[in-house]
């Protein structure tokens with residue numbers, strides 16, 4: 001297939017836009033309404049493309065249209081083309097005004113309770129016109145599609161072990177330990193030394209034992225020669241965990257970053273306890289073949305600085 005004769009001169013971005021609209025709508029009539037152009041124009045655009053490429057892009061029926069394998073291949077390229085254009089426009093926007101633009105980041109709730117607010121605050125203090133949009137994506141549960149589909153530019157979260165995603169790359173930010181915590185007004189907050197064994201009869205807020213964090217914490221107790229306590233509250237909600245511990249009526253075990261940043265926000269105290277070494281790896285994930293945009297690189301720089309403050 002000759003590029004200049006059959007592709008370069010005859011296929012336009014508008015044609016790809018029409019193909020995407022038809023595929024998303026499932027019918028040419030709906031696509032015409034979405035694009036605010038006539039049904040015959042949509043139909044002719046698809047027919048002309050099929051003639052140019054020499055393949056059938058859609059199977060037609062009375063119920064609508066269905067993408068063929070040829071159409072799926074073109075759609076994949078079309079999505080990449082528009083994504084690259086979007087990234088290019090963002091880069092132009094950044095070059096014209098490096099202090100503005102939008103960055104979309106994915107992370108789980110546990111990061112929003114720990115390191116994310118610190119990174120966000122640091123970034124926006126220096127670049128107040130940047131719009132940071134944070135959406136939910138649990139890295140520990142291998143929720144990577146938002147990154148692959150460019151719905152986010154990067155992911156922040158606990159690194160799965162083992163990490164087996166060949167198309168993704170990661171940068172470890174910090175290997176942080178777990179710490180025992182109590183409310184700032186708790187009797188334990190005034191102790192100079194507290195052992196885990198001293199806390200066994202307290203009311204605990206812990207993740208369910210059949211969850212990933214619950215398994216890690218059970219291992220901490222086992223390494224201390226202790227049986228995991230029966231929690232008064234078993235929950236994966238970090239907000240509920242920190243709120244209950246802050247009352248002074250509960251104790252818990254949390255990753256260091258969550259305990260440290262929550263100590264200021266909700267009133268927690270990190271207890272002077274010896275916890276068996278169990279590291280919780282926080283990393284930034286990106287697509288291996290895709291260079292992060294300028295705002296994403298700024299975010300990564302500030303994330304490194306926050307991580308460094310945690311280990312200091």
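Residue numbers (the UniProt record's numbering): 1 to 312. Glycine included, C-beta positions come from ideal geometry on N, C-alpha and C.
Under 9 Å between C-beta atoms of residue i and residue j
i, j, result
"residue 28", "residue 65", "yes"
"residue 102", "residue 254", "no"
"residue 252", "residue 310", "no"
"residue 189", "residue 123", "no"
"residue 279", "residue 171", "no"
"residue 137", "residue 157", "yes"
"residue 68", "residue 59", "yes"
"residue 148", "residue 167", "yes"
"residue 81", "residue 70", "no"
"residue 186", "residue 165", "no"
"residue 105", "residue 132", "yes"
"residue 20", "residue 57", "no"
"residue 232", "residue 203", "yes"
"residue 16", "residue 88", "no"
"residue 31", "residue 18", "yes"
"residue 178", "residue 217", "yes"
"residue 282", "residue 159", "yes"
"residue 273", "residue 180", "yes"
"residue 275", "residue 220", "yes"
"residue 182", "residue 209", "no"
Residue interval of the alpha helix (DSSP H) (run including residue i)
i, result
"residue 219", "212-223"
"residue 299", "294-311"
"residue 126", "115-126"
"residue 18", "13-25"
"residue 243", "238-246"
"residue 264", "256-265"
"residue 35", "28-35"
For residue i, three-class secondary structure by DSSP
i, result
"residue 63", "coil"
"residue 194", "coil"
"residue 183", "strand"
"residue 84", "helix"
"residue 202", "coil"
"residue 325", "Lying outside 1 to 312, the shown extent of the chain, residue 325 is not represented and no answer is given."
"residue 368", "Given that the chain is displayed from residue 1 to residue 312, the structure contains no residue 368 and the question cannot be resolved."
"residue 209", "coil"
"residue 109", "helix"
"residue 168", "strand"
"residue 4", "With a pLDDT of 48 at residue 4, under the threshold of 50, the modelled position of that residue is not reliable, and no figure is offered here."
"residue 157", "strand"
"residue 71", "helix"
"residue 234", "strand"
"residue 147", "helix"
"residue 103", "strand"
"residue 271", "coil"
"residue 327", "Residue numbering for the chain in the displayed model covers 1 to 312; residue 327 lies beyond these limits and cannot be assessed."
Buried or exposed by the 16-neighbour rule on C-beta atoms within 10 Å, applied to residue i
i, result
"residue 40", "exposed"
"residue 153", "buried"
"residue 3", "Caution applies to residue 3, whose pLDDT of 45 falls short of 50 and renders its modelled position unreliable; the value that the coordinates give is listed next. It counts as exposed."
"residue 38", "exposed"
"residue 13", "exposed"
"residue 302", "buried"
"residue 135", "exposed"
"residue 307", "buried"
"residue 213", "buried"
"residue 61", "exposed"
"residue 24", "exposed"
"residue 260", "buried"
"residue 290", "buried"
"residue 277", "exposed"
"residue 1", "In this prediction, residue 1 has a pLDDT of 47, which is less than 50 and means its spatial position is unreliable; what the coordinates show is noted afterwards. Its Cβ having fewer than 16 others within 10 Å, residue 1 is exposed."
"residue 293", "buried"
"residue 47", "exposed"
"residue 247", "exposed"
First and last residue of the uninterrupted beta strand (DSSP E) at residue i
i, result
"residue 45", "Looking at the DSSP string, residue 45 is not in any beta strand (DSSP E); the run it does join, the alpha helix (DSSP H), is 39-53."
"residue 283", "280-287"
"residue 57", "Where residue 57 is concerned, there is no enclosing beta strand (DSSP E), given that its DSSP letter is neither H nor E."
"residue 134", "129-136"
Neighbour flag for residue i against chain B, beta carbons, 9 Å
i, result
"residue 245", "Absence of chain B from the displayed structure is noted, only one protein chain being present."
Proximity test, residue i beta-carbon vs the ligand HEM heavy atom, cut-off 8 Å
i, result
"residue 211", "Within the structure as shown, the ligand HEM is missing, as the structure has no ligands at all."
Should the segment 189-198 be called in touch with the segment 220-239, which here means at least 3 C-beta pairs below 8 Å?
As far as the Cβ criterion goes, the segment 189-198 touches the segment 220-239, which means the pair count is three or higher.
Answer yes if the segment 106-121 comes into contact with the segment 228-243, meaning at least three C-beta pairs across the two stretches below 8 Å, and no otherwise.
A contact exists between the segment 228-243 and the segment 106-121.
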